[in-house]
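A quick write-up on the structure given underneath.
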Amino acid sequence: MKRRLQSLRFGIAALSAMTAGGAMAQENPYYLGAALGMTHESNLFRVATGQPETSDTFTTTSLLAGVNQPFGRQRFYADAAVRHNRYRDNDQLNNTGYGLSVGLDWETIERLSGKVNYTRNRALARSGADQGPALTTKNEETGQEFGASLRYGLASLLSLEAALKHRQIDYSAVEFNSLELKEDSLELGVQRSLSGLLTLGGSVRYSQGKYPFAVQTAPGAFQADEFDRKDLNLTATWVPTGLSTVRGRLSYTKESHQVVGSRDVSGVTGALSWDYKPTAKLAFTTDLIRDTGAETAFAAATAGGGGQIGNSSQLSSIVQLRGLYEATAKIQVEANARYVKRNLVTTFGLNTGSSSIDEGSDRFGQLRLGVSYAPVRNGLLACGLTHERRGSSSAVTYPYRANIANCYAQFKLQ
């Protein structure tokens, strides 16, 4: 009897260990979380260098929720956040923003696969982020994007791809309505993997867009500026070693505007990205981008979280560097540098009811250093310091400088 009881206890213990191991292997697909942050800005309204600057501190309270659920060959995911900003002195800027990202990755038993996704974000458009007029009142930026893509693999090394995309940016302040933008695009391409180290691709892309309030013709009356864009793209992904991955796109771009012809683009655009991880604790990312301002504006407006750099320029050249060092299993140090040179075209309305179309250029630089600490698996503490500066060679924009310090704490239940 004693041996039977011992065997029974052993069996129950083994079953419990197996059950616990199975439960640990199957991670909960849902999460709930909250975050609290505090930010101080030395030049809140980004006034010109030499002018009296306004500094302020604001808190950001966020509620987070999400799901990442695979089922069969499919995967559904969604992330949502509600963010409330409250300013210590400039309470006219108090606002509640949000972020939503939802999507479905799918594939069939045969050679078909694809993605469907939708992203929408609303945040306070930071003063001075674009070449619009300086505002001390609330101006919320809303960016949204819908995308659908289809991939057909003819063989293990060759595939055909198609992608459809709708994108839109809106502003709550009428002073910025000339920057509102809508765009639809269709892209068809082919991709060929020559080896495990090199993949080449080519595609054609056609886009139609519109600035609904491009030119003010009379008080309260505007003329839209419609445009079409054609791209011929060559892409490549190269993995020279296990430490490096290089991705590139070289395009011939032709963009034609019906009303504001100074925004036309005809020439080479592209992007180059290099991920380099020399050690297990150290990683670097370098990005070189040359494209129209609309492309980078869409990327910023749908990223969410605030702090993005608006960009409605005719053409921009961007250099971005990022370094990440894992000091310990719980501590990470991050350094970022960003430089943007923009060719600008403005169509802001005047008090007389007419509009002024001006051209110029500016240069923007940003340096950031941050550190994060994860005391527990679901918790995160982080702080950062940022310095930004803009220089201008024309009356279209003005130079300014600002310093930002921020800290936040985040906790998720999963």
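Take the sequence shown: its letters are residues 2 to 415, numbered as in the working numbering.
All residues carry an ideal CB built from backbone N, CA and C; glycine is no exception.
In this structure, DSSP gives Asp-92 a helical state, which the three-state scheme calls helix. Gln-169 is classed as buried because its beta carbon has at least 16 other beta carbons within 10 Å across all chains shown. Taking the Cα positions, Glu-335 is about 16 Å away from Asp-288. Collapsing the DSSP output to three states places Leu-136 in coil.
Ala-295 places its beta carbon less than 8 Å from that of Leu-182. Measuring C-alpha to C-alpha distances from Leu-233 to each of Thr-97, Pro-241, Gly-268 and Ala-82 identifies Gly-268 as the nearest. Thr-109 is classed as exposed because its beta carbon has fewer than 16 other beta carbons within 10 Å across all chains shown. Approximately 6 Å separates the beta-carbon atoms of Arg-89 and Asp-57; this is inside 8 Å, confirming the contact. Taking the Cα positions, Ala-215 is about 14 Å away from Asp-265. A Cβ-Cβ separation of about 7 Å places Val-372 in contact with Ile-332 under the 8 Å criterion.
For Thr-387, the CB contacts under 6 Å within the same chain, skipping 5 residues up- and downstream, are Arg-369 and Ile-405 in chain order.
In this structure, Ala-174 lies away from Thr-218, with their beta-carbon atoms at least 8 Å apart. Contact between the segment 58 to 68 and the segment 31 to 38 is present: 3 or more CB-CB pairs across the two stretches fall below 8 Å. The C-alpha of Lys-413 is placed about 12 Å away from the C-alpha of Leu-382. The Cβ atoms of Pro-241 and Ala-225 lie no closer than 8 Å to each other. Annotated as proximal: Leu-235 and Gly-203, with beta-carbon spacing under 8 Å. By the criterion of a C-beta distance shorter than 8 Å, Arg-402 is surrounded in its chain by Asn-44, Thr-50, His-388, Glu-389, Arg-390 and Arg-391, once the five residues flanking it on both sides are discounted.
The residues Asp-185 and Asp-229, in chain order, have a CB closer than 6 Å to that of Gln-209 in the same chain once the five nearest residues on each side in sequence are set aside.
Between Lys-231 and Lys-211, the CB-CB gap reaches or exceeds 8 Å.
In the same chain as Ala-328, and ignoring 5 residues on each side of it, the C-beta atoms closer than 7 Å to its own belong to Val-334, in chain order. A direct Cα-to-Cα measurement between Thr-286 and Thr-200 gives close to 20 Å. Partner residues in a beta bridge of Pro-213, as assigned by DSSP, do not exist.
Rounded to the nearest whole angstrom, the CA to CA distance from Met-39 to Val-320 is 28 Å. Taking Phe-77 as the centre and dropping the five residues before and after it, the same chain places the C-beta of Gln-70 and Leu-105 closer than 6 Å to its C-beta, in chain order. Nearest C-alpha to Ala-163 among Leu-101, Asn-344 and Val-205: Val-205. Of the residues assessed, Gln-52 falls on the exposed side of the cut-off, its CB having fewer than 16 other CB atoms within 10 angstroms. Taken through DSSP and simplified to helix, strand or coil, Val-175 comes out as helix.
Taking every protein chain shown into account, the CB of Arg-74 has fewer than 16 other CB atoms within 10 angstroms, so this residue is exposed. In the three-state scheme derived from DSSP, where H, G and I count as helix and E and B as strand, Ala-281 is classed as coil.
Listed in chain order, the non-local C-beta contacts of Glu-42 below 7 Å within the same chain comprise Ser-56, Asp-57, Ala-403 and Ile-405, local neighbours out to five positions each way being set aside. In this structure Tyr-99 touches Ala-82 by the C-beta definition: roughly 6 Å separates them, less than 8 Å. Looking at the DSSP output, Ile-405 sits in a beta bridge with Glu-42 and Thr-387. Collapsing the DSSP output to three states places Thr-120 in a strand. In this chain, Thr-109 is not harboured by any beta strand (DSSP E), its DSSP state being neither H nor E. A Cβ-Cβ separation of about 17 Å leaves Phe-365 out of contact with Val-346 under the 8 Å criterion. For Ser-318, the enclosing beta strand (DSSP E) covers residues 316 to 327.
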